[in-house]
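Numbering (full-length UniProt numbering), first residue to last: 1 to 690.
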């Protein structure tokens, strides 16, 4: 406890009034002196006593408790430190510094360790890098500036939020880990697009930085796509060059690039880059061929036209193209429909062909349907929605297209009301699993007609009356075919008796036919969510029980897969490092997931540097020191004094305190004041009376 004594004033009247009275008194005394009146000078005694009483001087005694100054030590535990082995050096320096700080009287030390993850999330950025200054500012938020002794940051200098620390109100010192002369080779890519059009290559700028190589020195770049065989490209060092990357398929296209490591690198993690490009189709070209008019025809057209990503070609065939038509020319279309062009020349340009209640019966040349069959075998997709016309002779089931059909009709048609159900396979298949209102006991509405099929091939996902096949999928050659054995699915879109998920079912069906990766039956998928790797396995048969995961650093872990829904099992495990995670199962499935951007701030540039923190230290009156030169000594400095030298760092001694008590003692007691006033008046009166 400290004591302090001073003088204060507690005027009994407002100060202007006191000074007015004093001025009037002095004028009166001055007038008397000017007239040489006896005792005039003695009138100053009562006047001064009166003014002193009104001013009320007091002796002030304060009892003070001194407050400790606060020094903040910030230790960098981010990836640029841990991956390069400098974390131990930082902790050793922090321990030695802590011992020196503990020996300083009147000093309190706070220590924070920053790993970068929480600070990045608070900033709302996926890749915030090393946010040491943000953490420093937050740690000092509850410390008044008059108690801040200084900040000591132990780091490699790779800080990515320097702009927030130019006025912390206290000396900032940086102690840098690692060797100042260290160099590194790194692979950089330009702004990576999030998506690309399937079949069209993307141009991506790539740079290999290496300060030990002259510009233009050829360096081998190894590239892998979706974990496939390595491809080698030669790239000039220290120069940005465009690299063409093909987008092979819809969904995630994972691209890995790497350059060979050299001796004495700071880190090899930045020699590799991984990015995921989502492949999207430009516009899906759909050919819709309608036959017999029916209530559901408009539903197909409306559904396809409503999708802006679908380029629809729709026509209805009701008579052979060679049949004579005696309609006047003025009432005919100006341009004949290009049937030959579509079915012979441009059929391969379509992603999907839909036959909606099409009855052949010689309406189309057999060669055209044979072309459609070959189109399927070479990778095309065909969807058939059939009704009573499918059972007629000379129908599509008797045409050249029969070789790719999943099933042929028996000739029987069920006209009774029935409830569509998912088969055991349909409950597990991605096309029909988890359909709204579905499950083992569906709550959707009924249909009214079904074509009975004979010995369907492929997979039956939905059944109708008496368990008869209703929706059947099949793979033919490189293509796919789907057969819907009813023409009353449109009742779902009308909401009849509850309706049903017609749009969602047809959307999934179309995307499965066009080989959308998310709707494949036997898959292993991986994705990154909130610093975790989520692995999902899907199968129509037994599910794998374990998944082996290899991280960007080459470490391998085995994780159990837990069944969640029929035909699906999942696992989630930590994914702290940026880069490619590879998941594999015992049955040979493989999936890749990319964590973070191609060049994460935290792991791209990892060589120690003073360039970033030097301006911050200078702006706050501190300094930058390399730990390889030894730990600088500590000094306490006063306000306005230099806080840094070549081999020492200074912490400010503020001398702050808290007042715990105050004693006020009047300097002119009332009896003494009255005595002075009365005595002065008597003395002045006595002199005047002589």
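Think of the CB as a built atom: it goes at the ideal place given N, C-alpha and C, for glycine as much as any other residue.
Helix, strand or coil for residue i, going by three-state DSSP, please let me know.
| i | result |
| --- | --- |
| residue 405 | coil |
| residue 119 | Note that residue 119 scores a pLDDT of 47, beneath 50, so its modelled location is shaky; the value from the coordinates is reported in the next line. Residue 119 falls in the helix class under three-state DSSP. |
| residue 455 | coil |
| residue 366 | helix |
| residue 581 | strand |
| residue 341 | helix |
| residue 535 | strand |
| residue 388 | helix |
| residue 489 | coil |
| residue 205 | strand |
| residue 49 | helix |
| residue 62 | strand |
| residue 264 | coil |
| residue 271 | helix |
| residue 444 | coil |
| residue 374 | helix |
| residue 540 | coil |
| residue 7 | strand |
| residue 105 | coil |
If you draw a straight line from the alpha carbon of residue i to that of residue j, how long is it in whole angstroms?
| i | j | result |
| --- | --- | --- |
| residue 678 | residue 636 | 57 Å |
| residue 547 | residue 591 | 10 Å |
| residue 629 | residue 174 | 13 Å |
| residue 294 | residue 573 | 53 Å |
| residue 216 | residue 208 | 10 Å |
| residue 106 | residue 80 | 35 Å |
| residue 84 | residue 313 | 60 Å |
| residue 474 | residue 458 | 4 Å |
| residue 271 | residue 454 | 59 Å |
| residue 143 | residue 49 | 48 Å |
| residue 282 | residue 519 | 19 Å |
| residue 526 | residue 594 | 9 Å |
| residue 440 | residue 422 | 7 Å |
| residue 400 | residue 247 | 35 Å |
| residue 177 | residue 212 | 22 Å |
| residue 658 | residue 70 | 15 Å |
| residue 6 | residue 151 | 35 Å |
| residue 587 | residue 565 | 20 Å |
| residue 134 | residue 641 | 27 Å |
| residue 419 | residue 357 | 21 Å |
| residue 119 | residue 229 | Legend: pLDDT at residue 119 = 47, less than 50; position of this residue unreliable, value from coordinates given subsequently. Distance between the alpha carbons of residue 119 and residue 229 is about 39 Å. |
| residue 432 | residue 305 | 23 Å |
| residue 554 | residue 236 | 28 Å |
| residue 367 | residue 397 | 15 Å |
| residue 332 | residue 296 | Because the pLDDT of residue 332 is 49, which lies under 50, any placement of that residue in the model is unreliable, and the number read from its coordinates should be weighed accordingly. Computed Cα separation, rounded: 27 Å. |
| residue 239 | residue 170 | 42 Å |
| residue 393 | residue 424 | 33 Å |
| residue 505 | residue 225 | 32 Å |
What is the C-beta distance between residue i and residue j, in whole angstroms, given that I count them as a contact (C-beta under 8 Å)?
| i | j | result |
| --- | --- | --- |
| residue 449 | residue 391 | 11 Å between Cβ atoms; not a contact. |
| residue 543 | residue 569 | 5 Å |
| residue 11 | residue 55 | 6 Å |
| residue 713 | residue 608 | Past the edges of the chain, shown from 1 to 690, lies residue 713, and the structure says nothing about it. |
| residue 521 | residue 540 | 5 Å |
| residue 195 | residue 278 | 4 Å |
| residue 444 | residue 492 | 6 Å |
| residue 567 | residue 605 | That belief does not hold up - the Cβ atoms of residue 567 and residue 605 are roughly 46 Å apart, past 8 Å. |
| residue 193 | residue 202 | 6 Å |
For the beta strand (DSSP E) holding residue i, just list the boundary residues, first then last.
| i | result |
| --- | --- |
| residue 494 | Residue 494 -> no beta strand (DSSP E), and no H or E assigned at all. |
| residue 559 | 556 to 560 |
| residue 97 | Run containing residue 97: none in the beta strand (DSSP E); it sits in the alpha helix (DSSP H), 87 to 102. |
| residue 524 | 523 to 529 |
| residue 247 | Run containing residue 247: none; DSSP gives neither H nor E here. |
| residue 574 | 568 to 574 |
| residue 231 | 231 to 236 |
Output the boundary residues of the alpha helix (DSSP H) element that contains residue i.
| i | result |
| --- | --- |
| residue 424 | 424 to 428 |
| residue 302 | 297 to 305 |
| residue 164 | Taken as a continuous stretch (DSSP letters only), residue 164 belongs to no alpha helix (DSSP H), as it is neither H nor E. |
| residue 138 | 132 to 139 |
| residue 511 | 502 to 513 |
| residue 251 | Residue 251 -> not in any alpha helix (DSSP H); beta strand (DSSP E) instead, spanning 251 to 259. |
| residue 316 | Here residue 316 belongs to no alpha helix (DSSP H); instead the beta strand (DSSP E) covers 310 to 316. |
| residue 481 | First-last for residue 481: 479 to 484, but that is the beta strand (DSSP E), not the alpha helix (DSSP H). |
| residue 80 | 79 to 82 |
**OP:** Any chance you could list the beta strand (DSSP E) runs of at least 3 consecutive residues sitting entirely within the region 598 to 681, in chain order?
**Re:** Runs of the beta strand (DSSP E) inside the region 598 to 681: 624 to 626, 633 to 637, 648 to 652 and 657 to 666.
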